[in-house]
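Worksheet: one structure, shown below.
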Amino acid sequence: YYLFRWLTKTSREGAQTTVFCALDNNLIPGAFYSECRPRRCNSQALNDEICDHVWKTSEALIDEWVSFSQK
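Under the UniProt record's numbering, the letters of the sequence shown match residues 1 to 71, in that order.
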């Protein structure tokens with residue numbers, strides 16, 4: 001665990017930006033936040049074709065999981 005500490009975050013550290021964004025009243029609308037700061041979004045995240053593929057794949061995986069869990 002100690003060897004990989006620099007690669008990982010604790011649960012508290014991982015939740016910090018989410019909690020920050022939920023509670024701060026001065027956020028930039030529509031901005032991407034990382035480490036509690038607005039950051040430049042990865043260009044792939046702005047690619048409509050990639051976003052559509054990720055969305056459809058996510059839906060398919062969720063549908064598969066839901067149908068499996070209902071059996």
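From the three backbone atoms N, C-alpha and C, an ideal C-beta is built for every residue, glycine too.
Measure the Cβ-Cβ separation of residue i and residue j and say whether it is below 9 Å.
i: residue 32; j: residue 15; result: no
i: residue 43; j: residue 17; result: no
Report, in whole angstroms, the separation of the C-beta atoms of residue i and residue j, which I expect to be a contact under 8 Å.
i: residue 27; j: residue 21; result: 6 Å
So what's residue i in DSSP terms, helix, strand or just coil?
i: residue 5; result: helix
i: residue 40; result: coil
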